[in-house]
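Following: one structure in C-alpha cells, then a few remarks.
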Amino acid sequence: MRPTGTCTGRRGSAAMEFALVSVFTLPLLMGSFVLGMSLSRSIQVTQISRDAGHMYVRYVDFTQDGNKDIIVRLSAGLGLTRTGGNGVVILSKIMHIGDPECAAGGYPVGDTRCVNRNQDVFIQQLKIGDASARNSSFGTPTGVTLDANQVITDYLTNAGARASNVTSAITLNNGEIAFVSEAFFRTPELDIPGYRSGNSVYARTIF
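All residue numbers for the sequence shown refer to our numbering, where the first residue is 8 and numbers rise by one.
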C-alpha cells in the first residue's frame, strides 16, 4: 500500500510555493494595472488641456457658464463641475511687458509707475472646477483689479499681476501673449491602500 501522506504533502508544498510567488507577482500585477490606467488618464487630461487651450486662444469666453460646461463635458468620467469636483482647468493669458506697452499705458521710458516693465504678467486667469485643487505653475495674480470679463486692468502698475517661472517654459518678446491651459485631476480610483495613494495627473499646453 502506498503512503497516504504523499499527496497531502505535495499539495501543501504547492500552496506554499504559490504564496511565495504571489508576494512578488501580485504587486507587479497591481503596478501594471495602475500604470496602464495612469497612462489612459494622462492621455485624457492632456487632450482636455489641449482642447481647452485651442478654444481659449480663439477667445472663447470662459467666464460664461455655457462655455464652462463645454470643459465639464470634455472631462466626462473625471468628476469635474463648474466650481468643484476632482480637479481644475486653469486658463491664463500672460504678456511680457516692455517699454512700448508701458508707453501705450501712459508711462513713458523712465516712469517708475510702470512697475511691471520687463516682467511677464497675467492679463487674465480663469479656473474651472475646484479652484483650490492646484495653483498654476506660473503663479496666481493677487490683489489685482478685474473688469466685468475678469481681465486684469492694472497689470502695468500692480506687482501682484506678475507671473513666475515663465521663461522655464517659453520666452516672450515685448507685447507677446501666451495662452496657457493647465489641467489637473485627482485620480482616487487609482489609489491602492497601503501601497500608493494621492494619485493625480497634470498636463499643460501653451499657445
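C-beta atoms are modelled at their ideal positions from N, C-alpha and C, and glycine is treated no differently.
Because the structure is a prediction, the values reported are computed rather than measured.
Among the options, whose alpha-carbon lies nearest the alpha-carbon of residue i?
i, options, result
"F191", "Q71, M62 and L87", "L87"
"C109", "S99, V95 and V128", "V128"
"S139", "T90, N74, M62 and V79", "T90"
"H103", "N206, N180 and E196", "N180"
"N172", "R120, V95 and G146", "G146"
"V52", "I77, R65, L85 and Y63", "L85"
"K100", "A170, R124, T152 and R120", "A170"
"A168", "P148, G182 and N93", "P148"
"Y162", "P115, R124 and P107", "R124"
Taking DSSP's pairing of strands, which residues face residue i in a bridge?
i, result
"I184", "M102"
"T212", "S188"
"S207", "R193"
Just curious, the alpha helix (DSSP H) that residue i is in, first and last residue?
i, result
"R65", "Segment: none, R65 is in no alpha helix (DSSP H) and carries neither H nor E."
"G73", "D72 to L81"
Using a Cβ-Cβ cut-off of 6 Å (strictly less than) and excluding sequence neighbours within five positions of residue i, which residues of its own chain qualify?
i, result
"Y209", "F191"
"S82", "I55"
"T212", "S56, R57, G60 and S188"
"V67", "N74"
"I97", "K134, S143 and E189"
"Y114", "R120 and C121"
Suppose the cutoff is 8 Å on Cβ atoms and the five residues either side in sequence are ignored; what does the same chain contact list for residue i look like?
i, result
"I177", "A185 and I213"
"T70", "L133, N156 and Q157"
"M8", "Low per-residue confidence applies at M8: pLDDT is 49, beneath 50, and the placement is therefore not dependable, though the value from the model is reported in the following sentence. Answer for M8: no residue qualifies."
"V116", "D106, C109 and A110"
With a threshold of 7 Å on Cβ separation, who are the neighbours of residue i within its own chain once the five nearest residues in sequence on each side are excluded?
i, result
"T194", "R48, N206, S207 and V208"
"V64", "F186 and F214"
TODO: Identify every run of the beta strand (DSSP E) within the stretch 105-178, keeping only runs that are complete inside it and at least 3 residues long; order them along the chain.
DONE: 127-136
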